[in-house]
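Only one structure is covered here, and it is reproduced in the block below.
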Amino acid sequence: MDLVQPGFGLVFWTAITFLILLFILRKFAWRPILGAVSEREESIKSALQSAEEAKKEMQNLQADNERILKEARAERDALLKEARELKDGIISDAKEQAKAEGDKMLKQAQAAIESEKKAAVAEIKAQVATLSVDIAEKVIKEELSDKTKQLKLVEDMLGDIKLN
Amino acid sequence: MQISTFKKVFLGLLLALPLATFASDESDTKADKKFDPNEMIMHHVKDAHEFHIIDNKDKPISIPLPIILWTDNGLVSFMSSEFHHDDEGKVVVEKEGSRFVKYHEKIFQLEEGATALLFDEKHNPTNASKPLDFSITRNVFMMWVSVLVLLFIFISAARVYKKSDSKVPTGIAGFVEPLIVFVRDEIARPMIGEHKYKKYMPYLLTIFFFIWINNIFGLIPILNGANLSGNIAFTLTLAVFTFIITTFSGNKNYWKHIFWMPGVPVPMKLFLMPIELIGIFTKPISLMIRLFANITAGHIIILALMSLIFIFETVWVSPISVLFSLFITVIEIVVTAIQAYIFTILSALYFGMATEEEHH
């Protein structure tokens, strides 16, 4: 059957036509089209990449900011804490010092009072002694003007001694 | 609404068809010839020297095409209209001292002194020789039309990219680009590999679109089924190109796999060598036969379904014929793309096998 017998003429023309078509299309169609397509793909790829990079940079920046903020906050906290400690120290020191000073003053005062008291008591004792001698002198002078009274006194005193 | 439109079309078809059969009945009785579906189908499927469009009252209307012959006396050329639509070897055309007849779409050169074609019992001409026929036949003509269409489509698509700086595909480039990217990303890249596919892209793209457009052209009825991609000469040529490229791009690894298969024992190597050697040739042959058979079979089915009307000689077969051939035609439209795809992907696969590097 000549359905499956390739005709020489058609083979010839197909080969020539195909080669010419291949040559022309390669030069004027496939190369520009494929070039443009791959160029566009490249540009898309690089755009995506740079976007990705920018995003990463942004993230880095943000992380940096966060870190700096954190550091600043920590520093502030540390400063505050230090200040508070310092304040507390100063206050307690002052308190202690004041207390010690007060105590010292109190002690001095007490000592002064004590010595004053002693002096006063001594003076009173001396005064009382002179007074009582004076009184006793006068009383005795009075009492001893009468004989009976003298005797009674002696008796009383003797009675007292007995009781003792 | 839709149903009523469909009914109208259907009724119109039914009403129109009897007229058609009437006309053909008339011409049949005039020519006193019984309808031969085999002859009709073969006439449509095979190549022809003139572009036969339609019969008008038994007079064929056709576009004459040039006949170019390489004879002993050199190149002879004349228009096919000089045969006056004769295909039975009755009209003799005399050119440059030689006499030619056309018999069953073949040009014969009559021997000296002979005035008519004589046959032996097997219907082989006895007094004529066949000169080399370089005629611009129906298929060659349609091939050139398809080439012009392809050039127009792709060169204007390429111009879109040149014009626009942004390289954004607009217009025809927007239609063409996905197809080109498909060939690149679904055929060339996976089959050949990332590093080598670029070299084969022009061939793969050209072959894909060349086959596809000719498959489509074969389906257009008014072109009378110029069945180029269903012609074995066409598929043979393309398969030979694939074969040549495969063979010449075969690297050491490829030939080693054919002649001395690595990784198998020696008797197996000896056993595989002839098989692989035959395989070199069966691959392109399968390409050739697959395309030829698929496209030709589709045409034959459609024509055979249409022939049913004339075989049964009743109009009541026509709805079945029309519906079934419509169905087959829709399938054929899918097949046009699938066969172009298969031819291209298998070519790419063979190139990939030929250039594959050793990695055991």
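First to last, the protein sequences are chains H and L.
Sequential numbering of the first sequence, starting at -12, is according to my numbering.
Sequential numbering of the second sequence, starting at -15, is according to my numbering.
The C-beta atom is built at its ideal place from N, Cα and C for all residues, glycine as well.
Given the structure is predicted, the values throughout are model-derived calculations rather than measurements.
Next item on the list: Identify the continuous beta strand (DSSP E) that holds residue 263 of chain L and give its terminal residues.
Entry: Counting along the chain, residue 263 of chain L falls outside any beta strand (DSSP E), though it belongs to the alpha helix (DSSP H) covering 250 to 296.
Checklist line | Interface flag, residue 128 of chain L vs chain H, CB-CB below 8 Å | finding: yes
Next item on the list: Check each residue of the segment 23 to 45 of chain H: if its Cβ is closer than 7 Å to any Cβ of chain L, include it; give the result in chain order.
Entry: 23, 24, 26, 27
Next item on the list: Report the residue ranges of all beta strand (DSSP E) runs contained in full by the segment 71 to 139 of chain L; include only those spanning at least 3 residues, in chain order.
Entry: 77 to 79, 82 to 87, 90 to 94
Notebook entry, point to check: Hey, is the segment 44 to 64 of chain L in contact with the segment 213 to 228 of chain L, meaning 3+ C-beta pairs nearer than 8 Å?
Noted result: no
Next item on the list: Compute the beta-carbon to beta-carbon distance between residue 190 of chain L and residue 9 of chain H, rounded to the nearest angstrom, for a pair I have assumed lies under 8 Å.
Entry: 5 Å
Notebook entry, point to check: Is it right to say residue 275 of chain L is buried, meaning 16 or more other beta carbons lie within 10 angstroms of its own, or is it exposed?
Noted result: buried
Check: Since residue 177 of chain L is in the beta strand (DSSP E), which residue starts that stretch and which ends it?
Finding: Premise fails: residue 177 of chain L is in no beta strand (DSSP E) and is neither H nor E.
Check: Under a CB-based cut-off of 8 Å, is residue 30 of chain L close to chain H?
Finding: yes
Checklist line | Beta-carbon contacts of residue 111 of chain L that lie in its chain and below 8 Å, excluding the five residues immediately before and after | finding: 94, 95, 98, 101, 102
Next item on the list: State the Cα-Cα distance for the pair residue 48 of chain H and residue 32 of chain H, rounded to the nearest angstrom.
Entry: 24 Å
Checklist line | chain C contacts from the segment 62 to 81 of chain H (Cβ-Cβ distance under 7 Å) | finding: Among the chains of the structure shown, chain C does not appear; the protein chains present are H and L.
Notebook entry, point to check: Which first and last residues belong to the alpha helix (DSSP H) in which residue 188 of chain L is found?
Noted result: 181 to 203
Notebook entry, point to check: Beta carbon of residue 313 of chain L, beta carbon of residue 293 of chain L: below 8 Å?
Noted result: no
Item checked: Delimiting residues of the beta strand (DSSP E) encompassing residue 34 of chain L -> 34 to 40
Margin query: Can you tell me which residues form a DSSP beta bridge with residue 53 of chain L?
Written below: L/60, L/117
Next item on the list: Could you name the residues of chain L that residue 20 of chain H contacts, counting a contact when the two beta carbons are closer than 8 Å?
Entry: 138, 141, 142, 145, 157, 160, 161, 164
Margin query: By DSSP's criteria, residue 43 of chain L is part of a beta bridge. Which residues make up the other side?
Written below: L/40
Check: Is there at least one Cβ from chain H nearer than 8 Å to residue 270 of chain L's Cβ?
Finding: no
Item checked: residue 193 of chain L, buried or exposed, once every other Cβ within 10 Å from all chains shown has been counted against 16 -> buried
Next item on the list: Could you name the residues of the same chain whose beta carbon sits closer than 6 Å to that of residue 56 of chain L, not counting the 5 residues immediately before and after it, in chain order?
Entry: none
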